[in-house]
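The block underneath contains the structure these notes are about, expressed in structure tokens.
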Amino acid sequence: MSAPPAAVSFPPQSCPVCGLVNRLPRLQPGECARCHRCETTLAVGPRSGRHSASAFTLTGLLLAGPAVALPFVTVSKFQSAHESYLFSGAHALWDSGMNVLAVWVGLCGLAVPLLLLGTLAALLVVSEPGVDRPAANFLLRIARAFEQWAMPEVQMLAVLVAFAKLGSLVHVQPGPGLWCYAAMALCTLVAWRNFELCHAPQIPAAESAGLLEHE
Amino acid sequence: MKIHRQFPAAPSPDSRGRAAAFALSAAVMLIPANLLPVLSMDLPGELRTDTIFSGIVALCDQGLWPLALIVFTASFLVPVLKLGGLGWLLFATRRPVGEGALGLTKLYVTLDFIGRWSMLDVFLVAFLSGTVRFGALATVRPQPGIVAFAAAVVFTMLATDAFDPRAIWSSHSQSTEEITA
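Respectively, the protein sequence lines represent chains A and B. Per numbering that gives the first Met the number 0, residue 0 is the first one in the first sequence, and the count goes up by one each step. Per numbering that gives the first Met the number 0, residue 0 is the first one in the second sequence, and the count goes up by one each step.
Now the structure itself:
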């Protein structure tokens with residue numbers, strides 16, 4: 000059950016791009032506040048309550064297990080067939096002596112998206128819109144650091160390209176792990192976008208007070 | 000919105016230097032990334048190795064034009080545009096920026112957004128290597144070029160990360176603004 004969306008007001012906040020301190024108005028659902036100077040979107044009035052972000056976060060976390068454990072694809076050529084899993088690619092890189100790259104692919108493809116979802120879940124518990132809480136601000140910074148390196152959507156596009164590329168070479172059948180991973184990638188994107196723009200505790204302008212010294 | 004770094008209170012004078020160092024490292028890594036093979040295919044009676052570019056040509060030869068376009072954009076165009084854009088940002092911000100600040104900001108936001116999509120080729124090679132393992136019938140193996148390419152992608156992302164976009168606006172007055180939705 001989603002709580003009904005309500006107009007949200009934020010404290011003054013620094014634009015993350017140009018540093019200008021903006022006083023944001025109360026935002027109605029669907030309204031969008033942009034930086035006065037560089038036009039970066041700072042906040043969006045939520046169309047749905049925080050519970051929808053929580054639902055997507057929880058669903059994403061729950062889907063990670065089957066995405067890893069269930070067969071990702073089944074590949075067959077002539078009479079031979081074998082199943083590969085989400086980590087088969089990283090495993091193949093590791094076997095080829097590319098250990099760092101293997102770890103990197105595993106991190107960007109699954110570990111960091113999961114850390115992002117976990118941090119988001121914690122944020123949804125401790126944060127409140129418009130309320131400055133040090134723990135929430137700390138978690139928000141961690142989540143933003145994770146978000147940059149979480150790339151499940153890029154991995155999904157790579158898998159789609161590979162399907163077409165493999166068409167003439169082998170027969171590829173998507174497995175349940177792939178569907179779970181695709182749904183997890185979608186949940187991660189939706190949960191983060193929803194939370195970041197609509198429900199994130201804003202970094203208070205006071206923490207960027209140094210900028211005002213340039214006046 | 001993809002811009003989310005928590006910078007210190009004022010733009011650091013080192014940010015341009017760090018960004019330039021990462022961009023230069025990425026440019027250097029792009030050379031082996033494009034010259035060395037990124038994957039090999041063992042097929043009956045044939046051992047085929049592909050660089051990034053020959054992989055794109057192979058997709059075209061198969062008639063898979065939309066895919067060739069996607070891979071060309073992600074693996075070739077994005078890294079080159081990103082390095083060119085970063086170079087332009089670093090050049091333009093060596094002095095206070097006047098009228099062009101908004102355009103440079105939009106360029107920075109675009110560069111920040113597109114960077115991650117270059118990882119497509121890395122995930123593609125990993126997936127193919129983990130999936131096509133039929134011994135002598137068909138086996139795909141990753142080749143050293145993909146390590147150089149991944150390093151180039153990471154360096155371009157770190158370069159964008161290191162660049163403080165507030166440097167674009169450092170000559171503009173800084174006051175608190177009321178905005179309307």
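We treat Cβ as the ideally placed atom computed from N, Cα and C, and that holds for glycine.
| Query | Result |
| --- | --- |
| Own chain, CB closer than 6 Å to Ser117 (chain B), minus 5 neighbours either side, in chain order | Ala73, Val77, Pro78, Val152 |
| Residues sharing a beta bridge with Ala42 (chain A), DSSP | A:Ala32 |
| C-alpha distance - Ala190 (chain A) paired with Ala149 (chain A), whole-angstrom precision | 13 Å |
| CB contact check: Val158 (chain A) to chain B, cutoff 7 Å | yes |
| Simplified DSSP assignment, three categories, for Val124 (chain A) | helix |
| Cβ pair count under 8 Å reaching 3, the stretch 92-102 of chain B against the stretch 38-49 of chain B | no |
| CB contact check: Gly174 (chain A) to chain B, cutoff 7 Å | no |
| Reference Val104 (chain A), options B:Gly54, B:Val146, B:Asp13, closest by Cα | B:Val146 |
| Contact set between the stretch 92-104 of chain A and chain B, restricted to residues whose Cβ is under 9 Å from the partner | Leu92, Asp94, Ser95, Met97, Val99, Leu100, Ala101, Trp103, Val104 |
| Unbroken beta strand (DSSP E) run spanning Met238 (chain A), endpoints | A question about residue 238 (chain A) goes unanswered here, because the residues of chain A that appear run from 0 up to 214. |
| Three-state class that DSSP yields for Asp60 (chain B) in the structure shown | helix |
| Ile145 (chain B): contacting residues in chain A (beta-carbon distance under 9 Å) | Leu92, Met97, Leu100 |
| Ala125 (chain B) and Val131 (chain B) closer than 7 Å at C-beta | no |
| Buried versus exposed, by CB contacts within 10 Å (16 or more), Leu139 (chain A) | buried |
| Length of the line joining the Cα atoms of Val99 (chain A) and Met28 (chain B) | 16 Å |
| Inside the stretch 72-96 of chain A only - alpha helix (DSSP H) runs reaching at least 4 residues | 87-94 |
| Within-7 Å CB hit, Val16 (chain A) to chain B | yes |
| Span separating the alpha-carbon of Glu98 (chain B) from that of Asp120 (chain B) | 38 Å |
| Inter-residue Cα distance where the pair is Gln154 (chain A) and Phe52 (chain B) | 20 Å |
| C-beta neighbour in chain B for Met183 (chain A), strict 7 Å | no |
| Sub-7 Å separation of Thr155 (chain B) and Lys81 (chain B) beta-carbons | yes |
| Proximal residues to Leu57 (chain A) (C-beta, below 8 Å), its chain only, five neighbours per side dropped | Ala120 |
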